[in-house]
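Asker: I'd like to ask some things about the structure below.
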Amino acid sequence: MSDLTDRIPSMAAAQQVSITDANGAYQKPDHLDFSWAPPLYERDINTGRRLRIVCVGAGFSGLCAAVHFQDHLANYELQIYERADDVGGVWHQNRYPGIACDVPSHSYQLSFCEKTDWSAYYAPGAEIHGYLSTVAERYGLRKFIKLQHTVTNARWDEERGKWFVTVSSGGVSFEDECDFVLFATGLLSKPIWPDNIPGRESFSGTMVHTGDWRAAGLPDDPEFWADKRVGVIGMGASGVQIVPTLQKKAQSVTNFGRSKLWISGGWGSKMFEKLHKHKKEHGTNYFFTEEDIAGFRSDEAYRKFRCQIEEDLGSTHELSFRGHPLQDIFATKFTETMKHKVARKPEVADALLPDFPVGCRRLSPGPGYLEALCEDNCSLVTDKIEAFTPAGIRTADGTEHELDIIICATGFDVTLIPAFPIIGRGGVNIQELWARESRTYLGMFSPEMPNAFNVLTTQAAAQSGSLLVVLEQQCSYITKVISKCQRDGYASFAPKQQAVDDFLKYTDAYFGRTVLTTNCKSWYKNGEAGEATIRAIWPGSGSHAYVAFQNPRWEDFDWDRLKEQEHTMSWLGNGCAAYLDGADVHLAMRGFYRPETHYIY
Ligand SMILES: Cc1cc2nc3c(=O)[nH]c(=O)nc-3n(C[C@H](O)[C@H](O)[C@H](O)COP(=O)(O)OP(=O)(O)OC[C@H]3O[C@@H](n4cnc5c(N)ncnc54)[C@H](O)[C@@H]3O)c2cc1C
Ligand SMILES: NC(=O)c1ccc[n+]([C@@H]2O[C@H](COP(=O)([O-])OP(=O)(O)OC[C@H]3O[C@@H](n4cnc5c(N)ncnc54)[C@H](OP(=O)(O)O)[C@@H]3O)[C@@H](O)[C@H]2O)c1
Numbered sequence: 001m002s003d004l005t006d007r008i009p010s011m012a013a014a015q016q017v018s019i020t021d022a023n024g025a026y027q028k029p030d031h032l033d034f035s036w037a038p039p040l041y042e043r044d045i046n047t048g049r050r051l052r053i054v055c056v057g058a059g060f061s062g063l064c065a066a067v068h069f070q071d072h073l074a075n076y077e078l079q080i081y082e083r084a085d086d087v088g089g090v091w092h093q094n095r096y097p098g099i100a101c102d103v104p105s106h107s108y109q110l111s112f113c114e115k116t117d118w119s120a121y122y123a124p125g126a127e128i129h130g131y132l133s134t135v136a137e138r139y140g141l142r143k144f145i146k147l148q149h150t151v152t153n154a155r156w157d158e159e160r161g162k163w164f165v166t167v168s169s170g171g172v173s174f175e176d177e178c179d180f181v182l183f184a185t186g187l188l189s190k191p192i193w194p195d196n197i198p199g200r201e202s203f204s205g206t207m208v209h210t211g212d213w214r215a216a217g218l219p220d221d222p223e224f225w226a227d228k229r230v231g232v233i234g235m236g237a238s239g240v241q242i243v244p245t246l247q248k249k250a251q252s253v254t255n256f257g258r259s260k261l262w263i264s265g266g267w268g269s270k271m272f273e274k275l276h277k278h279k280k281e282h283g284t285n286y287f288f289t290e291e292d293i294a295g296f297r298s299d300e301a302y303r304k305f306r307c308q309i310e311e312d313l314g315s316t317h318e319l320s321f322r323g324h325p326l327q328d329i330f331a332t333k334f335t336e337t338m339k340h341k342v343a344r345k346p347e348v349a350d351a352l353l354p355d356f357p358v359g360c361r362r363l364s365p366g367p368g369y370l371e372a373l374c375e376d377n378c379s380l381v382t383d384k385i386e387a388f389t390p391a392g393i394r395t396a397d398g399t400e401h402e403l404d405i406i407i408c409a410t411g412f413d414v415t416l417i418p419a420f421p422i423i424g425r426g427g428v429n430i431q432e433l434w435a436r437e438s439r440t441y442l443g444m445f446s447p448e449m450p451n452a453f454n455v456l457t458t459q460a461a462a463q464s465g466s467l468l469v470v471l472e473q474q475c476s477y478i479t480k481v482i483s484k485c486q487r488d489g490y491a492s493f494a495p496k497q498q499a500v501d502d503f504l505k506y507t508d509a510y511f512g513r514t515v516l517t518t519n520c521k522s523w524y525k526n527g528e529a530g531e532a533t534i535r536a537i538w539p540g541s542g543s544h545a546y547v548a549f550q551n552p553r554w555e556d557f558d559w560d561r562l563k564e565q566e567h568t569m570s571w572l573g574n575g576c577a578a579y580l581d582g583a584d585v586h587l588a589m590r591g592f593y594r595p596e597t598h599y600i601y
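Under the working numbering, the residue at position 476 of the sequence shown is numbered 476, and the numbers go up by one with no gaps.
This is the structure:
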């Protein structure tokens, strides 16, 4: 096989004339008059304009997007602002005792950064936070991130085709101008206190929210809890993790709950059972042995394991359809197991068993939760909380529950309203617009927000399958959009209004078929009950989202040209391709020439 340069003799000649700069980009020789004449546009076809991207948030979403940009974009600047003092998002903020992944760890990680030595099937939160720190280090992302920088405002300037992002840090505010902005601010990142309960300030003990755990400064020492009477308000995913953990450590745990909930088996339970095949007692987690971990070092074994888990996670999708036979099967199974687990305190089953279908609100795997409620030092109180008092909590039946620590596992603001003003096209404040309803195309794009992306915020989380697969697909989609703007000479893009309207029609029709719109209260419906519209999660399975995001439908967007590239063919540039006519032929042709076939098709 001859050398590549022999096949392209013109390249050697081009190099001698030296019309390229050190980076291989075309340079106009001084003695030639190449004055601008549309449609010729003075740039190489594959050298896009320089872009600045601002990303708000450095959780899974912000970090994943940064890696995608690094791998697939050129000629760009990236700035990530993170209000917390470390990366990791929810895994940095939620440090309550017992926090763990409730999907199997091997499916809760990014495809390009595989960790094969997870300590447990459901990894503890601190380990997931450690994983995210590793992602930041391994991909050199720290240089893009400014910690303890809070974005307080974002404003689109139509005339200039730019976003102006106001950032506050250490009492100083400044503005950052950019071409694109990513809101990777998290759907579950604004802890919500039980403000409807009076007297919060009067409580003389410590009150803490699960979603802002470190703010209370409680020590990590497990002994700290030994003499504490703890109240836990809430029995969502956080509450059901914290109750069994503290029941084993604290003097007493009182769980105040006003909800009904289906306690399901753990997600990915098929593999869980398989891992425990030699044991009589399952416990609530599986801790990988050194032998297991050594086995995962083989790519094949690891991937097979992960694929089996993902298959299992996706297999219950049809459970969400109204009238599906799986509904009865699961309702019967969960009722039996719940009753069995609380046999010592049958009143707990009476209090918890829902009258709404399985899957209407997020299922709670709740390993060990029901068992903990049956222990002598643990109780479930379902009477309405009337007030916080200096000594603890008073319920509607007049009982004063004396407590040393009150943990509010009361969830997050899931209204989807941005936490800071976002002033979009035509001066529209998205906070006001979305107070009525968040209306996006595919959960990521909004006509009022040109050149902006919502990552894993609205209409993103899937009811089945791995969330991170959906996230990665969103990041890939967004990267393709930015790349298209850069390559094809577009100043801005936004989804067509029709595309948004039609997507939401589809969304409503889809959820209308499911039990998600039946008679429960759920954060999927922004904390509402009944037939409320669903704007928080993806209208389909995780695999459905994966396929939907694979190929962007460019026809669903409006594209505005750059002023200097008004001609429809200006994207063709000046007839040169940066690397081909320059020094680095290998870079441009690498994907085309293959020694064995000459070309690929
Ligand atoms: C306790 C808990 C456990 C969970 N467990 C699971 C699980 O087991 N499996 C699963 O699939 N999902 C789980 N989730 C869902 C979880 O939200 C997602 O899986 C994922 O971590 C979200 O990542 P994110 O980057 O989109 O958002 P986040 O992790 O919320 O990150 C958003 C980041 O944006 C920053 N930010 C927000 N506003 C601003 C601002 N104005 N300026 C600067 N920075 C800002 C925040 O500080 C935060 O760091 C869990 C959620 C919670 C709360
Ligand atoms: N490892 C995990 O996977 C994990 C762990 C934690 C969280 N998460 C994610 O985070 C989401 C939120 O979980 P979460 O448990 O933090 O919140 P949540 O599911 O919204 O649960 C909040 C709980 O607090 C109760 N509550 C709220 N305000 C109250 C008030 N004023 N008075 C009394 N009770 C009140 C709610 O009752 P009502 O239901 O009646 O409103 C509910 O029981 C989960 O759905 C999940 O997606 C995941």
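Beta carbons are placed, not taken as given, at the ideal position from N, Cα and C, and that holds for glycine.
For histidine 149, which three-state DSSP category applies?
Answerer: Along the sequence shown, read from residue 1 onward, the residue named residue 149 stands at position 149. DSSP places histidine 149 in coil when its eight states are reduced to three.
Asker: For the candidate residues Ser252, Pro450 and Arg306, whose alpha-carbon lies nearest to that of cysteine 374?
Answerer: Here residue 374 refers to the residue found at position 374 when the sequence shown is read from its first residue. Ranking the options by Cα distance to cysteine 374, first place goes to Ser252.
Asker: At a cut-off of 7 Å, would you count aspartate 102 as near ligand 1, judging by its Cβ distance to the nearest heavy atom?
Answerer: For this step, residue 102 is matched to residue 102 along the sequence shown. Aspartate 102 Cβ: within cutoff of ligand 1.
Asker: For ligand 1, is there any heavy atom lying closer than 7 Å to the beta carbon of leucine 187?
Answerer: Along the sequence shown, read from residue 1 onward, the residue named residue 187 stands at position 187. Remark: the shortest separation between the CB of leucine 187 and any heavy atom of ligand 1 falls under 7 Å.
Asker: Just to confirm before moving on: does the CB-CB distance between asparagine 255 and alanine 120 stay below 8 Å?
Answerer: Walking along the sequence shown from the start, residue 255 turns up at place 255. Walking along the sequence shown from the start, residue 120 turns up at place 120. Not a contact, by the Cβ cut-off of 8 Å.
Asker: Cβ atoms of threonine 440 and asparagine 454: under 8 Å apart, would you say?
Answerer: Taking the first residue of the sequence shown as 1, we reach residue 454 at position 454. Taking the first residue of the sequence shown as 1, we reach residue 440 at position 440. Result yes, Cβ atoms of asparagine 454 and threonine 440 sit closer than 8 Å.
Asker: Please classify threonine 568 as buried or exposed, where buried requires at least 16 other C-beta atoms within 10 Å of its C-beta.
Answerer: To locate residue 568, count along the sequence shown from 1; it is residue 568. Burial call: exposed.
Asker: Quick one: is threonine 514 buried, meaning 16 or more other Cβ sit within 10 Å of its Cβ, or exposed?
Answerer: Looking up residue 514 in the sequence shown gives position 514. Buried: at least 16 other Cβ atoms inside 10 Å.
Asker: Which residue's Cα is closest to the Cα of phenylalanine 288: Glu472, Gly89, Ser105 and Asn574?
Answerer: Reading the sequence shown from its first residue, position 288 is the one you call residue 288. For phenylalanine 288, the nearest C-alpha among the options comes from Ser105.
Asker: Does alanine 13 pass the burial test, meaning 16 or more other C-beta atoms within 10 Å, or should it be called exposed?
Answerer: Residue numbering aside, residue 13 sits at position 13 when the sequence shown is read from its first letter. Only weak support is given to the placement of alanine 13: the predicted model assigns it a pLDDT of 46, under 50, and the value that follows is read from those uncertain coordinates. The residue is exposed, with fewer than 16 neighbouring Cβ atoms inside 10 Å.
Asker: Please work out which residues of its chain come closer than 7 Å, Cβ to Cβ, to serine 18, disregarding the five sequence neighbours upstream and downstream, and give them in chain order.
Answerer: Looking up residue 18 in the sequence shown gives position 18. A caution first: serine 18 carries a pLDDT of 49, below 50, which makes its placement in the model unreliable, though a value can still be read off. So no residue of the chain qualifies.
Asker: Can you tell me the Cβ-Cβ gap for leucine 141 and alanine 66, rounded? I've got them flagged as a contact below 8 Å.
Answerer: By one-based count along the sequence shown, residue 141 stands at place 141. By one-based count along the sequence shown, residue 66 stands at place 66. 5 Å between Cβ atoms; contact.
Asker: If you measure from the CB of alanine 462, is any heavy atom of ligand 2 nearer than 7 Å?
Answerer: As a position in the sequence shown, residue 462 is number 462, starting the count at 1. Not under cutoff, so the answer is no.
Asker: Between threonine 134 and arginine 362, what straight-line distance do the alpha-carbon atoms span, to the nearest angstrom?
Answerer: On the sequence shown, residue 134 is found 134 positions in, with the first residue counted as 1. On the sequence shown, residue 362 is found 362 positions in, with the first residue counted as 1. Threonine 134 and arginine 362: Cα-Cα distance of roughly 30 Å.
Asker: Could you check how far apart the C-beta atoms of isoleucine 244 and glutamate 371 are, in whole angstroms? I think they sit under 8 Å.
Answerer: Counted from its first residue, the sequence shown places residue 244 at position 244. Counted from its first residue, the sequence shown places residue 371 at position 371. In the sequence on display, residue 244 carries proline and not isoleucine. Confirmed, Cβ separation roughly 7 Å.
Asker: Determine the closest residue to leucine 471 out of Arg155, Gly542 and Val342, with distance taken between C-alpha atoms.
Answerer: Here residue 471 corresponds to residue number 471 of the sequence shown, with the count starting at 1. Residue Gly542 is the option with its Cα nearest to leucine 471.
Asker: State buried or exposed for isoleucine 329, treating a residue as buried only when at least 16 other CB atoms are found within 10 Å of its CB.
Answerer: In the sequence shown, the residue the question calls residue 329 occupies position 329. Exposed, since its Cβ has fewer than 16 Cβ neighbours within 10 Å.
Asker: For lysine 249 versus isoleucine 405, is the C-beta spacing smaller than 8 Å?
Answerer: Position 249 of the sequence shown, counted from the start, is the residue given in the question as residue 249. Position 405 of the sequence shown, counted from the start, is the residue given in the question as residue 405. It is not a contact, given that the beta carbons lie outside the stated cut-off.
Asker: Is histidine 340 buried or exposed, if buried means 16 or more other CB atoms sit within 10 Å of its CB?
Answerer: By 1-based counting over the sequence shown, the position of residue 340 is 340. It is exposed - the Cβ of histidine 340 has fewer than 16 other Cβ atoms within 10 Å.
Asker: Does glutamate 616 come out as helix, strand or coil in the three-state DSSP assignment?
Answerer: Within the shown structure, residues of the chain are numbered from 1 to 601, placing residue 616 beyond reach of any answer.
Asker: Taking 7 Å as the cut-off, does the CB of glycine 48 come closer than this to any heavy atom belonging to ligand 1?
Answerer: Counting from 1 along the sequence shown, the entry for residue 48 is found at position 48. Result no, Cβ not under 7 Å from ligand 1.
Asker: What is the DSSP secondary structure of tryptophan 523, counted as helix, strand or coil?
Answerer: In the sequence shown, the residue the question calls residue 523 occupies position 523. In this structure, tryptophan 523 counts as helix in the three-state DSSP scheme.
Asker: Got a sec, what are the start and stop residues for the beta strand (DSSP E) glycine 392 sits in?
Answerer: Working through the sequence shown from its first residue, we reach residue 392 at position 392. Run containing glycine 392: 392-395, per the beta strand (DSSP E) assignment.
Asker: Which residues mark the beginning and the end of the alpha helix (DSSP H) in which leucine 319 is found?
Answerer: The sequence position of residue 319 within the sequence shown is 319, counting from 1. First-last for leucine 319: undefined, no H or E at that position.
Asker: When DSSP labels each residue in this structure, what does aspartate 3 get in the three-state scheme?
Answerer: The count along the sequence shown starts at 1 and reaches residue 3 at position 3. Residue placement at aspartate 3 cannot be trusted, given a pLDDT of 44 that sits under 50; the coordinates are not used to answer.
Asker: Roughly how many angstroms separate the alpha carbons of glutamate 357 and lysine 333, rounded to a whole number?
Answerer: Taking the first residue of the sequence shown as 1, we reach residue 357 at position 357. Taking the first residue of the sequence shown as 1, we reach residue 333 at position 333. The question names glutamate, yet the displayed sequence has proline at residue 357. Proline 357 and lysine 333: Cα-Cα distance of roughly 13 Å.
Asker: Between alanine 184 and ligand 1, is the CB less than 7 Å from at least one heavy atom?
Answerer: Reading the sequence shown from its first residue, position 184 is the one you call residue 184. Yes, since a heavy atom of ligand 1 falls inside the 7 Å radius drawn around the Cβ of alanine 184.
Asker: Taking just the CA atoms, how far does aspartate 488 sit from leucine 51?
Answerer: For the purposes of this step, residue 51 is taken as residue 51 along the sequence shown, with counting starting at 1. For the purposes of this step, residue 488 is taken as residue 488 along the sequence shown, with counting starting at 1. The straight-line gap from Cα to Cα measures roughly 13 Å.
Asker: Mind checking who alanine 536 pairs with in its DSSP beta bridge?
Answerer: Here residue 536 refers to the residue found at position 536 of the sequence shown. Paired residue(s): none; alanine 536 is not in a bridge.
Asker: Would you check whether ligand 1 has a heavy atom nearer than 7 Å to the C-beta of isoleucine 99?
Answerer: By 1-based counting over the sequence shown, the position of residue 99 is 99. Isoleucine 99 Cβ: within cutoff of ligand 1.
Asker: Straight-line CA distance for phenylalanine 69 to alanine 545?
Answerer: If you number the sequence shown from 1, residue 69 lands on position 69. If you number the sequence shown from 1, residue 545 lands on position 545. Each residue's alpha carbon lies about 21 Å from the other.
Asker: Measuring only from the beta carbon, is valine 90 closer than 7 Å to any heavy atom that is part of ligand 1?
Answerer: Taking the first residue of the sequence shown as position 1, residue 90 is located at position 90. Result yes, Cβ under 7 Å from ligand 1.
Asker: Got a sec: is the Cβ-Cβ distance from leucine 363 to anything in chain C below 8 Å?
Answerer: Note that chain C does not occur in the displayed structure, where there is just one protein chain.
Asker: If you draw a straight line from the alpha carbon of asparagine 153 to that of tryptophan 434, how long is it in whole angstroms?
Answerer: Locating residue 153 in the sequence shown gives position 153, counting from the first residue. Locating residue 434 in the sequence shown gives position 434, counting from the first residue. Using only the alpha carbons, I get a separation of about 16 Å.
Asker: Along the chain, which unbroken stretches of the beta strand (DSSP E) at least 3 residues long are found entirely within the stretch 215-273?
Answerer: 229-233 and 252-256
Asker: Please check the pair glycine 231 and glycine 392, which I expect to be a contact at CB under 8 Å, by giving their CB distance rounded to whole angstroms.
Answerer: Here residue 231 corresponds to residue number 231 of the sequence shown, with the count starting at 1. Here residue 392 corresponds to residue number 392 of the sequence shown, with the count starting at 1. The Cβ separation is near 6 Å, so the contact holds.
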